[in-house]
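One structure below.
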Amino acid sequence: MGKGDKQPTVKHLTDTDIDQIFSRIGKNLKERRKQVGISLDDLAYESGVSRSTLTRMLEGEEVNVRNLLKVVYSLGLSIDQVISFKK
Numbered sequence: 006m007g008k009g010d011k012q013p014t015v016k017h018l019t020d021t022d023i024d025q026i027f028s029r030i031g032k033n034l035k036e037r038r039k040q041v042g043i044s045l046d047d048l049a050y051e052s053g054v055s056r057s058t059l060t061r062m063l064e065g066e067e068v069n070v071r072n073l074l075k076v077v078y079s080l081g082l083s084i085d086q087v088i089s090f091k092k
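Note that the sequence shown covers residues 6 to 92 in my numbering.
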């Protein structure tokens, strides 16, 4: 970079920000599951994600991206519909 070039802005997520994102993901997935009218057991079966993992996901705990994608797809959603980085 030459003189006068502006440094790129780097944004940081705090642990609190990340916790809020996971919470939002869980809330959005719960709402969609209710809209679709699918039981927890059926969603676990359809997505290939264990019931216990699915329960943790819906409660807003940290999620494995692979499992998240499986559940999102099974619910007929796109990833951007469940993840929002807005505060």
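Glycine included, each C-beta is placed from N, C-alpha and C at the ideal position.
Coil, strand or helix - residue i by DSSP
i     : result
GLY81 : coil
THR19 : coil
6 angstroms Cβ shell around residue i - same chain, five flanking residues per side excluded
i     : result
LEU74 : none
GLY65 : PHE27, SER28 and GLY31
Neighbourhood of residue i by C-beta distance below 7 angstroms, restricted to the same chain and skipping five residues each side
i     : result
ASP46 : ARG56
VAL87 : ILE30, ASN33, LEU34 and VAL77
Buried versus exposed call for residue i [16 or more other C-beta atoms within 10 Å across all chains shown]
i     : result
VAL77 : buried
LEU34 : buried
LEU48 : buried
LEU18 : exposed
Anticipated Cβ contact below 8 angstroms, residue i with residue j, distance rounded
i     : j     : result
SER79 : SER52 : 4 angstroms
Cβ-heavy atom distance, residue i to the ligand GTP, below 7 angstroms
i     : result
LYS35 : Judged by which ligands are present, the structure shown has none, so any question about the ligand GTP falls away.
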